Every structure is written in C-alpha cells, then in structure tokens.
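Notes follow the structure.
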Amino acid sequence: MSDAKSRLKEFHQKISDDLQRSVDFWIKYSHDEEHGGFINCVGADGKVYDDTKYSWFQSRQVYTYASILRTAPDVVKDKAKMLKAAESGAEFLMNKVKNSDTSRCYFMTTRDGRPIKYQNSIFTETFYTMAMLELYEVTKKDIYQKEGIAMLDKIIYWAQVDDTELGNTPLAGHTPSSFLAVPMVLLHLCQLPLPAEKKKELKNVEEKCVKEILSHIQREGSVILEYVSPDGKELPNSFGRHLNPGHAIECGWFLLQYAISTGDKELQKTAIEKFIVNPFKGAWDEKYGGLFHMLDVDGFSPTPLGWDMKLWWPHTEVLIGFMLAWKTTQDSQFLEKFQQVFDYCHDHFVDKENGDWFGYLNRRGEVTHSFKGGPWKGCFHAIRYQIICRGILHEAISNQ
Numbered sequence: 011m012s013d014a015k016s017r018l019k020e021f022h023q024k025i026s027d028d029l030q031r032s033v034d035f036w037i038k039y040s041h042d043e044e045h046g047g048f049i050n051c052v053g054a055d056g057k058v059y060d061d062t063k064y065s066w067f068q069s070r071q072v073y074t075y076a077s078i079l080r081t082a083p084d085v086v087k088d089k090a091k092m093l094k095a096a097e098s099g100a101e102f103l104m105n106k107v108k109n110s111d112t113s114r115c116y117f118m119t120t121r122d123g124r125p126i127k128y129q130n131s132i133f134t135e136t137f138y139t140m141a142m143l144e145l146y147e148v149t150k151k152d153i154y155q156k157e158g159i160a161m162l163d164k165i166i167y168w169a170q171v172d173d174t175e176l177g178n179t180p181l182a183g184h185t186p187s188s189f190l191a192v193p194m195v196l197l198h199l200c201q202l203p204l205p206a207e208k209k210k211e212l213k214n215v216e217e218k219c220v221k222e223i224l225s226h227i228q229r230e231g232s233v234i235l236e237y238v239s240p241d242g243k244e245l246p247n248s249f250g251r252h253l254n255p256g257h258a259i260e261c262g263w264f265l266l267q268y269a270i271s272t273g274d275k276e277l278q279k280t281a282i283e284k285f286i287v288n289p290f291k292g293a294w295d296e297k298y299g300g301l302f303h304m305l306d307v308d309g310f311s312p313t314p315l316g317w318d319m320k321l322w323w324p325h326t327e328v329l330i331g332f333m334l335a336w337k338t339t340q341d342s343q344f345l346e347k348f349q350q351v352f353d354y355c356h357d358h359f360v361d362k363e364n365g366d367w368f369g370y371l372n373r374r375g376e377v378t379h380s381f382k383g384g385p386w387k388g389c390f391h392a393i394r395y396q397i398i399c400r401g402i403l404h405e406a407i408s409n410q
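The numbering used here puts the sequence shown at residues 11 to 410.
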C-alpha cells in the first residue's frame, strides 16, 4: 500500500474537521440579518472591516450553502438557519443584484443593495446562475430554477453569440482572443442539475465549449495558455504568454467531469494529463512548495505583481483535480500528488483556530493578507474542495 493510500482515513478526518470549522465560521460571522444576503469582508477573527457587498460571493455563498445542505448536511448544526440564510441571499440577488431590465448583475453593491459597478464579463451572472440552480435542488421552488435557466440562456448568448451588451466595444488596437475562463465556466454551468429537455438543448453548447477549451492546449500539448486567438493560435507579447495554472487545473476537472458523463475515455486522459498534471508540474515551487499564481510560458518575469504568491484557490482546484483523477483511474500517482498538496495546504492555509482558510501567502508560505473574506475571497473554494474530496474519500474508505 502506498503511503498516501494508508492515509485515506486521516485525510477524511482532517477534511471533515476543516469543513466543520469553515461552515461554523461563515454561519457565525457573515449573515446580514438587517439587509439580507451576506457580509463579505471579514477578518481572520470574523470582524467586519468593510460592508461593501461583492456579488460573486453573494452568489457563491448561496451556492455553497445549498451544496452543503444537499451533499454534506451532517456538518450543519442548524439546517433551518442555513437554509433561511441561503434563501435570504437569493432574495438579495434577485431584488438587488440583478437588473431586471437588462438581466445584468451588479458586481458590487452597498450593504443595503444600491448598485456600485458592473463588470464587463459574464462571471457575476455565472455565479448567480449557479446559486439559483443549486438552491432549487434543495428547495424545489420553481422560481429558483426559472431564474437560473433564464440567466443561463443570457450567458450563452453573451459568450457564444454577441457580448456587446456586456459593454465590450473593441477599440482599434484590440486583439481578439479566446479567454479560457469563458468556455470553462459555461461548460460547468451546462453540467449543473437541469431538466432533461434543457440538457438535450445544451449538447451543442457543450461541444462548442469543449472545442474552444482544447484550442488552449499549445506547444505540442505541453502548456495551457490563458489566451489564444479565436482560431486557436498563440498570441504575441506578455498577454499571449500568460499562464494561469489554477484556471487550467480547474478547467481540467470541469472537463474531466464532462468526459466522464459522456464516456469519452480519450477526453478524460486529455483532461488529466494536459490540464491537471502538466500545469501542476510547471507551477509547483520546488524550493518553498505551493503553486505559483501566474507564470510566463517563455520564462520571462511575469508582469502581475503577485505572480509568485501562493493563493488558496489554485490549491483547492488541484486537490479536487488529483482526487478526481485518482477516483477515475485508480492510479496511485494521483493520490500521492494529492497528499503533497494536502500537506502543504494543511500546514499553510488552514486556520485551525478560527476556521476557514487564509487566502494569500508570500512565496515562502507566510500569510500576507489575514482576512477570510474580501472582494475575491469568501465562502466557496475551500468548502467546495472539502465537500467533493470528503465524499470521494468516504466512498473509497467504505469500499476497502
């Protein structure tokens, strides 16, 4: 038995404890009883430092709560309280975050829901869709499924037909490109629980997403570029050389789930080798451990200032990726890689005292930003990893 395989029960227990602490943290500190929805910006100890609401995490927390209630209810001490908070979040999203005239969602609002700004992308709307569809699975209230499907249809139009409604008017020097995040999140949306007829309707959308995703495999299959031309060619300059290992790996497990659902063995292999294994190898810091946040494919100094930082979310994606790869193939090498990343995360990101994860470390693995919630971090990534990997480990232990 491999060293990692002998630790399955240990992994399961530590992840379960981590999940319990994470859930308790967000329930205790983030609910906005006065205005609905959630307080996003909380410090390591739960203290509120900013009451601006960021819609990515308004939606993601609704999704996360619904996902917990559906797949890991044993960690919830007061299920009625969690469900009430999730529905409060959904009401805030429908009434304050979504512009009913345009179906656009505001990226930021005041605490009481007055709009501050939009993003020129589909991502705020993407997380809105995830929230509504997952909450429907828990409540079976038709309004949530109706909202989710209607927004999904808008996203498909913006992503695959015309995005000018998002405010994207190209200037003379604009370089047309395919941004990996767009087809990968759209593919993921199509994999969410939906009525059978809707699933059939989305088959062509999924196939188009997969084709675009695969066009990001470059350099004879050795790298996944974040941006390529619309016809799948490399682009010039730093923009074209940009590597985002976390996105590539997250895309990998989205693609793997799709390939499993369709029974496509070759695509499963591509998802694991090209999108999970190769980006991990290229991004792992052999000196200090952890994944570099951003890289340049030709080895130039990356232009993002925090390129060598270690962020929480790429590590959660690679943990899911290797766990799914191990489940799919039963190849112990993937469990060994899971162990490598798990130990790093448990030692550096997990806040065993207060709960949830720290989000931002310097290259040496020291915490640089102590908050648990902010504009780009909140109740989502760590818990998603905990739920998925805990479930796979439980199944593996039960079958021993």
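Where is the CB? At the ideal position from N, CA and C, for every residue including glycine.
Predicted model only: the values in this text are computed from it and were never measured.
What does the alpha-carbon distance come out to for the pair alanine 293 and leucine 305? 8 angstroms
Nearest-angstrom Cα distance between arginine 374 and isoleucine 393? 25 angstroms
Could you tell me the distance, in whole angstroms, from the CA atom of tyrosine 298 to the CA atom of glycine 316? 16 angstroms
Here's a check: name, in chain order, each residue in its chain whose Cβ is nearer than 6 angstroms to the Cβ of phenylalanine 137, leaving out the five neighbours to either side. Trp66, Ser69, Arg70
7 angstroms Cβ cutoff met for tyrosine 39 and glycine 56: yes
Starting from valine 215 and walking both ways along the alpha helix (DSSP H), at which residues does that stretch end? 213–224
Distance between tyrosine 268 and threonine 339 (C-alpha atoms, nearest Å): 15 angstroms
With 16 other Cβ atoms within 10 Å as the buried cut-off, status of histidine 198: buried
Can you give the beta carbon distance from valine 192 to isoleucine 132, rounded, assuming they're within the 8 angstroms contact cut? 7 angstroms
Do the segment 167–175 and the segment 95–107 meet, that is, are 3 or more Cβ pairs less than 8 angstroms apart? no
Would you give the residue range spanned by the beta strand (DSSP E) that valine 58 belongs to? 58–60
Three-state secondary structure assigned by DSSP to serine 131: coil
Leaving out five residues on either side along the sequence, give the residues of the same chain with a beta carbon under 8 angstroms from the beta carbon of leucine 265. Met194, Leu197, Val220, Ile223, Leu277, Thr280, Ala281, Phe285
Of all the CB atoms in chain E, is at least one closer than 7 angstroms to the CB of serine 113? Structure shown: chain E not included; a single protein chain is present.
What is the rounded straight-line gap between the Cα of leucine 301 and the Cα of alanine 95? 34 angstroms
CA nearest to the CA of aspartate 357, picked from Ser16, Lys320, Ser342, Phe344: Lys320
Taking just the CA atoms, how far does arginine 80 sit from lysine 156? 19 angstroms
Tryptophan 263 by DSSP, collapsed to three states: which one? helix
Below 7 angstroms between beta carbons: does that hold for asparagine 247 and glutamate 236? no
What three-state label does DSSP hand proline 324 in the structure shown? helix
Given glutamine 129, which residues of its chain have a CB within under 7 angstroms of its CB, disregarding the five upstream and five downstream residues? Phe117
By alpha-carbon positions, which one of Ser271, Phe352, Asp60 ends up nearest to glutamate 462? Missing from the structure shown is residue 462; the chain here goes from 11 to 410 and no further.
Would you report the Cα separation of tyrosine 395 and histidine 325, rounded to the nearest angstrom? 9 angstroms
With a CB to CB cut of under 7 angstroms and the five nearest residues on each side skipped, what residues in its chain are close to leucine 18? Leu403, Ala406, Ile407
In whole angstroms, what separates the C-alpha of glycine 250 from that of histidine 184? 13 angstroms
Measure the C-alpha to C-alpha separation of glycine 47 and alanine 100 and round it to an integer number of angstroms. 7 angstroms
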